[in-house]
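Counting from 1, position 99 in the sequence shown corresponds to residue 98 in numbering that gives the first Met the number 0; the numbering is continuous, with no gaps.
The beta carbon of each residue, even a glycine, is placed where N, CA and C say it ideally should be.
A quick note: this is a predicted structure, and the numbers were derived from the prediction, not measured.
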Amino acid sequence: MPEMTKQRPGTMRLVDALQYRLPLAGVVSILHRISGALMFVLLPFIIWMFDKSVTSEASYEQFSSAFGIGLGVLPGWFIKLVVLALIWAYLHHFIAGVRHLWMDMTHSVTKEFGRSSAVVTLAASVLLTLLLGAKLFGLY
Numbered sequence: 000m001p002e003m004t005k006q007r008p009g010t011m012r013l014v015d016a017l018q019y020r021l022p023l024a025g026v027v028s029i030l031h032r033i034s035g036a037l038m039f040v041l042l043p044f045i046i047w048m049f050d051k052s053v054t055s056e057a058s059y060e061q062f063s064s065a066f067g068i069g070l071g072v073l074p075g076w077f078i079k080l081v082v083l084a085l086i087w088a089y090l091h092h093f094i095a096g097v098r099h100l101w102m103d104m105t106h107s108v109t110k111e112f113g114r115s116s117a118v119v120t121l122a123a124s125v126l127l128t129l130l131l132g133a134k135l136f137g138l139y
């Protein structure tokens, strides 16, 4: 008699995990964690930017020139991309955090609200990032 191998409950094969389609609310939740981690990792850069922007006029000029000519071996466009990533991380983390707080305060945990609030969170964070990115790159 052939022996059937049963998978233990709670385990998932890698092939099955790659085929799973995460709901939009789950994507927003994962991006919330990623944006928080990104801000934490880039915290020394944030502190450097703040220090250079408020210490003196000369340090502010150094801070401003980093966006134009670069910083050491890093070109200016790369510094702008890092700042754009920080802008997205902050905006997404803030908006998703407000979303989570709203759901906790109002007990709005339906599938419909989860999906619609996830769409608003993604749309608002991407739209605001594009607007601020256009300003950062000098498009207006």
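Shortest alpha-carbon distance to residue i belongs to which of the options?
| i | options | result |
| --- | --- | --- |
| lysine 110 | Gln18, Tyr19, Leu23, Arg12 | Leu23 |
| leucine 70 | Leu30, Arg98, His99, Phe44 | Phe44 |
| alanine 36 | Ala133, Leu126, Leu127, Trp87 | Trp87 |
| leucine 121 | Gly67, Pro74, Leu42, Tyr89 | Tyr89 |
| histidine 31 | Leu135, Ile68, Gly132, Ala117 | Ala117 |
How long is the line joining the alpha carbons of residue i and residue j, rounded to whole angstroms?
| i | j | result |
| --- | --- | --- |
| leucine 85 | glycine 137 | 17 Å |
| alanine 65 | glycine 96 | 31 Å |
| serine 52 | tyrosine 59 | 5 Å |
| histidine 91 | leucine 17 | 25 Å |
| phenylalanine 77 | leucine 83 | 10 Å |
| glycine 75 | alanine 133 | 15 Å |
| leucine 100 | phenylalanine 93 | 10 Å |
| leucine 73 | serine 124 | 27 Å |
| leucine 127 | methionine 48 | 21 Å |
| threonine 105 | arginine 98 | 11 Å |
| methionine 102 | serine 34 | 20 Å |
| leucine 131 | valine 81 | 13 Å |
| tyrosine 19 | valine 108 | 22 Å |
| phenylalanine 62 | phenylalanine 39 | 21 Å |
| tyrosine 139 | leucine 21 | 37 Å |
| isoleucine 68 | glutamate 56 | 18 Å |
| threonine 54 | leucine 135 | 22 Å |
Any idea what DSSP makes of residue i, helix, strand or coil?
| i | result |
| --- | --- |
| leucine 138 | coil |
Is residue i near the ligand ADP - that is, is its Cβ less than 6 Å away from at least one heavy atom of it?
| i | result |
| --- | --- |
| serine 107 | The ligand ADP is not part of the structure shown, which contains no ligands of any sort. |
Handout entry: Completely contained alpha helix (DSSP H) runs for the region 14-43, where each covers 4 or more residues
Key = 23-40
Exercise for the section: Evaluate the contact criterion for the region 24-33 versus the region 112-120: three or more CB pairs, one atom per stretch, below 8 Å. Expected result: yes
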